[in-house]
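Under UniProt numbering, the sequence shown has 289 at position 289, and the numbering climbs by one with no breaks.
Glycine is no exception: its CB is placed at the ideal position from the N, C-alpha and C atoms.
Have a look at the structure below, then the notes.
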Amino acid sequence: MKGTVYKSTGSWYTVKAEDGLFHECRIKGKFRTQGIKSTNPIAVGDQVTFSLENIGDEAVGVISEIGERKNYIIRKSVKLSKQTHIIATNLDQVFLLVTLNNPTTFTSFIDRFLVTAEAYDIPVVLLFNKMDVYDDDETVEVSYLVNLYRQIGYTCLEIAAKEGKNVDQVKNLMIDRTSMFAGHSGVGKSTLVNALEPGLHLKTAEISEQHLQGQHTTTFAEMYDLSFGARIIDTPGIKGFGIVDMEPDEIGDYFPEFFELKSECKFNNCLHMDEPKCAIKEALENNEIAWSRYRSYVQMITGEEDTYRER
Ligand SMILES: Nc1nc2c(ncn2[C@@H]2O[C@H](COP(=O)(O)OP(=O)(O)OP(=O)(O)O)[C@@H](O)[C@H]2O)c(=O)[nH]1
Ligand SMILES: [Zn+2]
Numbered sequence: 001m002k003g004t005v006y007k008s009t010g011s012w013y014t015v016k017a018e019d020g021l022f023h024e025c026r027i028k029g030k031f032r033t034q035g036i037k038s039t040n041p042i043a044v045g046d047q048v049t050f051s052l053e054n055i056g057d058e059a060v061g062v063i064s065e066i067g068e069r070k071n072y073i074i075r076k077s078v079k080l081s082k083q084t085h086i087i088a089t090n091l092d093q094v095f096l097l098v099t100l101n102n103p104t105t106f107t108s109f110i111d112r113f114l115v116t117a118e119a120y121d122i123p124v125v126l127l128f129n130k131m132d133v134y135d136d137d138e139t140v141e142v143s144y145l146v147n148l149y150r151q152i153g154y155t156c157l158e159i160a161a162k163e164g165k166n167v168d169q170v171k172n173l174m175i176d177r178t179s180m181f182a183g184h185s186g187v188g189k190s191t192l193v194n195a196l197e198p199g200l201h202l203k204t205a206e207i208s209e210q211h212l213q214g215q216h217t218t219t220f221a222e223m224y225d226l227s228f229g230a231r232i233i234d235t236p237g238i239k240g241f242g243i244v245d246m247e248p249d250e251i252g253d254y255f256p257e258f259f260e261l262k263s264e265c266k267f268n269n270c271l272h273m274d275e276p277k278c279a280i281k282e283a284l285e286n287n288e289i290a291w292s293r294y295r296s297y298v299q300m301i302t303g304e305e306d307t308y309r310e311r
């Protein structure tokens, strides 16, 4: 039988079969893992092949194969000497919630997130939330950002999760897809999920309470089916992606508007920093590339901290 992993607790996997039934499964003997070395061979989102075997009175699923992953996100554990843990796989999209204030989302953060997502090969939709609280200037600022990121090719929506504004548009983007929500603490992720599917209480809040009480600190991702035919992967305690190791000459390729122009740079290994006849620098001077994007790029290349921050 074939199915999708909805939950994993380390040794057991909850798999939803194609007929819609859930089975508790484990892995049998030798198992061909995929690509990267990780502490967990199978993660939420994986497509697996399994069979039911009778153990005592109970039928237990035994996973024998794992399908090719279209993408995955990881976390590196500092404690476990940088061991890699796969958080989730086969995501169709990640929604990044952004707010101008309470909390402030800097463009440098958005750009880093987008670069990582490009490297992971996961489409990002930007959701500018809390549109109900912005004054005129702030509304103009959001429109500027929406235009900027749309031009680069990212889908952007202006929403107000609290009052349900444009939540239907988010829903439409989610149908028949597997999505994840990310963004700083307080941007409105729980509020949005609650607006999308009232009554679905994701673990995020519970876990943080437990965490405060010093109980479980290990958290596991879990997939949920929503009533309108969407799937959502909840990653308690994880607000973004793990960091991907990137070579400096790779970073520019994950800025789509840079990548598009790079063949016009004089040097084919141009880092778009101090090189002559750089198409990206020229586009920047002509205001065809946003300064905020270029600044984010330079920060990533030089590895410098956010010294200049633009909301
Ligand atoms: N005015 C306004 N407030 C909102 C909106 N969406 C969320 N909020 C408020 O923002 C605060 C944080 O919202 P949450 O949904 O808890 O944010 P979160 O991203 O889940 O936060 P963490 O669980 O810490 O990651 C709450 O007080 C919400 O009521 C919105 O569209 N407009
Ligand atoms: Zn260049």
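Whole-angstrom distance between residue j and residue i, CA atom to CA atom
i: Q210; j: P236; result: Bear in mind that the predicted position of Q210 carries a pLDDT of just 39, short of 50, making it unreliable; the figure below should be weighed with that in mind. Near 11 Å, if we compare the C-alpha coordinates of P236 and Q210.
i: P198; j: S190; result: 11 Å
i: D274; j: E163; result: 48 Å
i: I301; j: K76; result: 21 Å
i: C270; j: A43; result: 38 Å
i: G183; j: E158; result: 15 Å
i: L284; j: I175; result: 38 Å
i: M180; j: N172; result: 15 Å
i: R69; j: T33; result: 11 Å
i: P248; j: H85; result: 25 Å
i: Y294; j: P276; result: 16 Å
i: E65; j: M223; result: 20 Å
i: G29; j: T9; result: 18 Å
i: L148; j: G186; result: 24 Å
i: Q83; j: V133; result: 42 Å
i: A117; j: T99; result: 19 Å
i: M1; j: L52; result: 8 Å
i: S292; j: R311; result: 9 Å
Coarse secondary structure for residue i, derived from DSSP in three states
i: Y294; result: helix
i: A230; result: coil
i: S179; result: strand
i: I207; result: Reliability fails at I207, whose pLDDT of 38 lies under 50, so the model's placement of it is uncertain and no value is given.
i: E257; result: helix
i: S64; result: strand
i: V140; result: helix
i: E18; result: coil
i: residue 312; result: Because the chain is modelled from 1 through 311, residue 312 falls outside the range shown and cannot be assessed.
i: D168; result: helix
i: N286; result: coil
i: I36; result: coil
i: A43; result: coil
i: S51; result: strand
i: I110; result: helix
i: A221; result: coil
i: S8; result: strand
i: T89; result: strand
i: residue 397; result: Residue 397 cannot be examined here, being either before or after the span of the chain that is shown, 1 to 311.
i: I74; result: strand
i: T27; result: Per the sequence shown, residue 27 should be read as Ile rather than Thr. Three-state DSSP puts I27 in a strand.
i: L196; result: helix
i: T84; result: strand
Environment of residue i [buried if 16+ CB atoms lie within 10 Å]
i: R231; result: buried
i: H216; result: Low local confidence applies: a pLDDT of 40 at H216 is under 50, so the model's placement there is unreliable, with the coordinate-based value given in what follows. Under this definition H216 is an exposed residue.
i: I73; result: buried
i: L196; result: buried
i: Y21; result: Looking at the sequence shown, residue 21 is not Tyr but Leu. Counting Cβ neighbours within 10 Å, L21 comes out exposed, since fewer than 16 surround it.
i: G45; result: buried
i: E304; result: exposed
i: G3; result: buried
i: D137; result: exposed
i: H272; result: buried
i: S38; result: buried
i: I36; result: exposed
i: V15; result: buried
Residue i Cβ short of 7 Å to ligand 4 heavy atom set
i: V133; result: Ligands displayed in this structure: ligand 1 and ligand 2; ligand 4 is not among them.
- Which residues, in chain order, sit with a beta-carbon under 5 Å away from any heavy atom of ligand 2? Each of C265, C270, H272, C278 and I280 has a C-beta closer than 5 Å to some heavy atom of ligand 2; these make up the full list, in chain order.
- Task: Take every Cβ of the stretch 88-107, pair it with every Cβ of the stretch 50-63, and state whether three or more of those distances are shorter than 8 Å.
- Result: no
- Decide yes or no for the touch test of the stretch 112-127 against the stretch 135-143: beta carbon pairs closer than 8 Å, at least 3 of them. no
- Query: Is the stretch 99-110 close to the stretch 163-179, with three or more CB pairs under 8 Å?
  - Reply: no
- Meets three-Cβ-pair contact criterion under 8 Å: the stretch 246-259 and the stretch 219-226: no
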